[in-house]
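Q: So in full-length UniProt numbering the end of the sequence shown lands on 1231, straight run, no missing numbers. Below is a structure I'd like to ask you about.
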Amino acid sequence: MSFPKPLPDWNNLKVIHKGTLPPRAHFYSYVSHEKALTLDRQQSEYVSLNGTWKFRHDESPFEAPDWENADPLSWDDVKVPGMWQLQGYSHPTYTNVNYPFHVNPPHVPFLNETGSYWRQFVTPHKWEGQQIRLRFEGVDSAFHLWINGKPVGYSQGSRNPAEFDITTFLHPAGSANTIAVRVYEFCDGSYIERQDQWLLSGIFRDVGLLAFPMESIIDFCAVPTLSDDLSSGELTISVKIQGNEGDLQAKLYRADGTLLKDSAFSTTESHKIQVLGEDLELWSAEHPVLYTLLLSFKGRTIPQRIGFRRIEQKDSNFLVNGKPIILYGMNRHEHHHLHGRAVPYESMRADLILMKKHNINALRCAHQPNDPRLYEVCDELGLYVIAEADLETHGFDPVERNNIKNQHLMTEYEIQETSYKMAKKWTSDNPAWKDAYLDRAVELVERFKNFTCIIFWSLGNEAFYGHNHALMYKWIKETDPTRLVHYEGDRDAVTADLYSSMYWSLDTLKAHIKKKTDKPLIQCEYGHAMGNGPGGLKEYIDAYRSEKLLQGGFIWEWCNHGLLKRDGDTSYYAYGGDYGDEPNDADFILDGMVFSDHSPTPGLVEYKKVIEPVTVQLKGNQLELKNHFDFSSLDHLTVSWHLVNETGKTEPISWELPEIKPGQSKLVDFPQGVSLGSDASWLALNFCLRDSTVWAPAGHEIAWAQIPLFKDQDLPIPSFSGSAKSTLSISEGPGRLYISSEAFASRFTYDLVRGNLSWSTDTGKIFNSGPQLGIYRALTQNDLGLEGPHIEWERFHVASTRMLVQAVTWRCNDDGTVDIKTNVRVAPKVLEWALEATLSYTITDSSVNLHVKGEFSGTYPKYIPRLGLTVRLPRRYDASTWFGRGPGESYRDKKSAARFGKYTASIQDGLQTPYEWPQENGNRTDTHWARIHSSSPDVSYAASAEALTPVPGLEVRMDSPFNFSLRQYSITELDRAKHPHELSALVDESELNIDFAHHGIGTCISYDAFYDAIEARIGEKLLAKNIGSRLFGYAWMEAGEREYTYLSMSGHYLKFFDVFRSIFYRTLWQAGIAEPRKFATDDDREFLLNSYRELKPRPGIHECFSRLRAAGFTVWALTAGDTARVAGYLAQGGVEMPEDNFFSCDTIKIGKPAPESYHYILDKLEKEGREAWFAAAHMWDAAAAKRTGFKGAWVSLWEKETCSDIFGELDVIADDLPSLADGIIAASKKQ
């Protein structure tokens, strides 16, 4: 005896399907042309079995009852389509990568949740004598089928269809039949279905009956092609029939419904329909023109909508209709906040319409075949589609990571690539899994081959790369040579028609296309849209539009996957762990451009803006309009303009533009009466649809621009002076200063211990406490990412920083005002570093003027989350009117979609963004002024609390644009809560943040591009030798500097670049490469050297130089390199340097750190009577200059540790370039 006996199908790698019919194209057949032209499934020969089924849940298939002994009528009711975990059975589980069971392929546990479904059905009398098929569009993950108690078959492949011929199992028409389905949560196929989504089970897509006459079309292929000059089209039709061959009729209707072609041909032959001249209209995402094909045979008609378009790879680009298009794409998982993957048609269609309204032109069906109706809608609306196989094996990655040694010496990318190469052995490179992989390709292509929108087939996602992928590629290309094949896991595109990447930096993308010019590259995932994000998208779009080989990308991803969960009276969107599921990846499933209810996030609004198809730039005294459409001029848009300034905006005026062809730009004059000036105003342009479409009404805005008509200037701040009637006086109490006017109109209390200022008038309090100087903000979900800034901030205890008062002085001024000067340290617990600052208040009866100046001391973080002030206000201050960017939130790297204007919003209506994972939100950038007040009486907290009226307004101004936010939650509370319902609002208070900046600034010249180039060019080969790209790059540079210096000291001076080039192979040998010249080539070396020549400055260099120059300093440069190259580095950072201010060691033939190299410039400066400072990122460089006679300054980001025990002390040490400038300026004033 044995158990189990026999081996279960769901644990048997040799069993994929039993009793299923061959895969076929998705279609329905109709009894007449008229019905077929409706494209309405309900009028076809189809009977839906969706609805209420009987259901039983068991923990194991071995515990489910035998059907002959079962009593289904006593079972519970469930809804089909549906997921049983969302209907009260077991619970959802979320993991991103990990398998939710013990890894032992192909076996899954015997504790394998099982759902038994049962219902009755009747077949129509008119179907008598026909073949009756039962079709499942999706069952997760595998199932057995019984009809009338008899076993019919088995199928697996969760997102693929299964179709059975059940004719011989049925009772006569009109009689009751029973259908029984046993669904298994896991099967051996689950090892290749480990996608980043909820683990949910059941019959989750349509299930229904279809009637096929015994002589009928059972499959067909309709392939549209275009001539090379795109002037003629040809539709090639081939069919597969059951029964006797014969003649069939093909009718092709134009998009307007008129008949274009009517022909007959034999079912044994393929047939071609030609479309020429004016009858030919091409399909594209911009013009989704669809013809309707009717195929009629033996009294049945099959409709299929067809678009003529051509997809090809040519001259290193992929082309659609002869043009290298850019994909402004989106990844979309199937998800609904109530139904999981059982997404209603209306919700799916609404998703796609929302994408079109936000300028998205491409969709990646991540990471599996979707509901077939989605492709119909993409055909109709116009979306380019990557159709992806139901294949992902990401769960083997953590299995292999445990086997990688010396991970502490490797970057995360290097660890990943090593793991992926090891993990392919499990399935992707395992011959035993060949049939399972091929099945995924066959099911995908056969089902969707007739849909026009599909331009790429994809071999899956994150399944590493192995021989089984190559077999999939070969089968697809032989079956469908008209489309291209994508697979990101094939890093070298050996069996892919294009390169694909995920989350690469711009430098890495550009390094790749310099190295590999044979094929284009797309990013199949980028711009991780988790929570408050993504930022920095504009730079990617600019790269796609300027680099020929970069043809776009797909944002990850469309929607948050929150599931609406009710706990008592509380409802919220649940994520991993909220159902007690283990293992789980928590909130990583909340990473969408729309919230879980599919309403847009600020990130989607930002994406629409940066990919808008019309852009406008100021060029001298004209405007440059660029048309980014691939196939459309701008004549389908209307254009209007108006002016915006602090007082409001003018009425829009229509504007006629000249013709601008696709991909072209044109200079145009300003509208009449508009010119550049000194007043702060903007020219606003709006581009809207002239006519309605199937996805948007006429007047829908496609693009917009705001052109500043002025140069940047300091913002005005009202003067702060007192008067005889409002003279302020001071009295001192224990730890307090009490400040009041003679008329007692305003009363201030200053807390000498905490640095808090409270302010009240006869109408109530204005300030409760603050302003507190702060450098921390609540974390975002992306901050908490694998390599996010939270690592640095946690290391330096940034979240624990508080403002600590050190000393306070005060005085009454002759003009009736009061000055308070407070020295503070904004510092963390545990550590010694701090922001040391002076807060200088000038207080009048009606205003508080605050000037803040400070610098960092100690060993402080590389960058900080924020720099600003926090004020606690009475809760009646619950609204703001401001001039700046709006109406929604914006940040320094996520503000393209925020327009300048005057806006009003309240805490309850607009000032906060309700992210499903509480986090930093609601900031407004580039604010010129903000008035904080009570909201309107019908919605305000003030009214409901019966506050005194009127509430005095509070106005905030700075001398430069600033950030502000007004919220009902503290920063600490946003960090603490993990769901919105867990947030506790401030008690009778609002929190106002007034910020100079968000995020920090970096160092001078960045070597990231150099390291990225090494990674792109020889990174994989280095990694195979356990050598990290960054480590090799560092070793090469350090060795170059050493040899350069030694040669100079010996009297044999050579240019640094010549030395750097020469030691390339030697450095490889010293790193452990036995045969360097076989390992790499001269071309590799020159590629890397060129990337070194193209290093870029980090943000902060322009600000550093500007501060020094504003303080009276002249900035010079002493370099070991060539001056033109260094000047280019600086110019990229917006820094112009006179040619005479560059000095190179090449001139005197003596390299640093020889004293003569520093005297070369020091002597010149001392002759002019100047104080000479030398600033460097190498401690040896700054220290050597100081010993020569310079004042020494060092910025720490390159070397971090000062090693002052060997180099000595310098005059200024800073962690970023602007701070370095401030330190030099401050130290000079002390001299």
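Don't be surprised by glycine CBs; every beta carbon is placed ideally from N, CA and C. Quick caveat, the model's predicted, so the values are computed rather than measured.
#1: Gln87: which of Arg332, Asp9 and His339 sits nearest, CA to CA?
#2: In whole angstroms, what separates the C-alpha of Leu521 from that of Ser316?
#3: Which residues in the same chain as Val818 place their Cβ atom closer than 7 Å to its Cβ, once the five residues preceding and following it in sequence are excluded?
#4: Can you give the Cα-Cα distance for Tyr573 and Val97, rounded to whole angstroms?
#5: Between the region 241–257 and the region 282–298, can you find at least three pairs of beta-carbon atoms closer than 8 Å?
#6: Go through its chain and collect everything with a Cβ distance to Lys1191's Cβ below 6 Å, but skip five positions before and after it.
#7: If contacts are defined as beta-carbon pairs under 8 Å, then Gly329 and Ile555 qualify, I think. What distance do you get, rounded to the angstrom?
#8: Assuming contact is defined by CB atoms lying nearer than 9 Å, are Arg566 and Asp635 in contact in what I supplied?
#9: CB-CB under 6 Å to Leu352, same chain, minus the five flanking residues each way: which ones, in chain order?
#10: Quick one: using the 10 Å Cβ neighbour count with 16 as the cut-off for buried, is Gln912 buried or exposed?
#11: Just to confirm my understanding: we take Ile306, look at its own chain, exclude 5 residues before and 5 after, and list those with CB closer than 7 Å. What are they?
#12: Cα-Cα, which of Lys516, Glu557 and His469 is closest to His333?
#13: Does Ala684 have its Cβ less than 9 Å from a Cβ in chain C?
#14: Would the beta-carbon of Leu873 fall within 9 Å of that of Ser990?
#15: Per DSSP, what kind of secondary structure is Ser1048 in: helix, strand or coil?
#16: Just the C-alpha distance for Ile513 and Tyr503, rounded to the nearest angstrom, thanks.
#17: Ends of the beta strand (DSSP E) at Leu835?
#18: Nearest CA to the CA of Asp714: which residue from Ile707, Ser678 and Pro697?
#19: Please specify which runs of the alpha helix (DSSP H), each continuous and at least 4 residues long, are wholly inside the region 833–915, giving them in chain order.
#20: Around the Cβ of Arg1066, are there at least 16 other Cβ atoms within 10 angstroms (buried) or fewer (exposed)?
#21: Can you name the residues that DSSP bridges to Gly994?
#22: Assuming His469 is part of the alpha helix (DSSP H), what are its boundary residues?
#23: By Cβ distance, which residues of its chain are closer than 8 Å to Ala362, with the 5 residues on each side in sequence left out?
#24: Kindly list the residues whose CB is nearer than 6 Å to the CB of Ala977, restricted to its own chain and excluding five residues on each side of it in sequence; keep chain order.
#25: Return the bridge partner residues of Gly788 from the DSSP annotation.
#26: Taking the alpha-carbon positions, what's the Ala945 to Tyr575 distance?
#27: To the nearest angstrom, how far is it from the Cα of Ile541 to the Cα of Ile611?
#28: Which residue wins for smallest C-alpha separation from Asp975, given the options Pro172, Gly1019, Arg119 and Glu916?
#29: Report the residue ranges of all beta strand (DSSP E) runs contained in full by the region 35–60; include only those spanning at least 3 residues, in chain order.
#30: Take the Cβ of Ile16 as the centre, count every other Cβ of all protein chains shown within 10 Å, and call the residue buried at 16 or more, exposed below.
#31: Quick check on the burial criterion: 16 or more other C-beta atoms within 10 angstroms. Buried or exposed for Cys1203?
#32: Per DSSP, Tyr154 is paired with what?
#33: Can you name, in chain order, every residue of its own chain whose Cβ lies under 7 Å from the Cβ of Asn923, other than the five neighbours on each side?
#34: Would you kindly work out how many angstroms separate the C-alpha atoms of Pro372 and Pro303, rounded to a whole number?
#35: I'd like to know whether the C-beta atoms of Ser1062 and Phe1010 end up nearer to each other than 9 Å.
#36: Just the Cα atoms here: how many angstroms apart are Lys902 and Asp492?
A: Reading it off the structure:
#1: His339
#2: 9 Å
#3: Leu728, Ile730, Ile739, Trp810, Cys812 and Ile843
#4: 21 Å
#5: yes
#6: Trp1173 and Asp1211
#7: 7 Å
#8: no
#9: Val377 and Leu381
#10: buried
#11: Ala222, Pro224, Leu235, Leu290, Tyr291, Leu293 and Thr452
#12: Glu557
#13: The chain inventory of the structure shown lacks chain C, comprising one protein chain alone.
#14: yes
#15: helix
#16: 15 Å
#17: Ala834 to Ile843
#18: Ser678
#19: none
#20: exposed
#21: The sequence given here has Ile at residue 994, not Gly. Looking at the DSSP assignment, Ile994 forms a beta bridge with Leu869 and Phe964.
#22: His467 to Thr479
#23: Ala285, Leu327, Tyr328, Gly329, Met330, Leu383, Tyr384, Val385, Ile386, Gly552 and Phe554
#24: Pro918 and Leu983
#25: DSSP output for Gly788 lists no bridge partner at all.
#26: Low confidence applies here, because Ala945 scores a pLDDT of 39, under 50, leaving its location unreliable and the question unanswered by this model.
#27: 7 Å
#28: Glu916
#29: 46–48 and 51–58
#30: buried
#31: exposed
#32: Lys18 and His144
#33: Glu889, Ser890, Tyr891, Asn963, Ser965 and His998
#34: 15 Å
#35: no
#36: 51 Å
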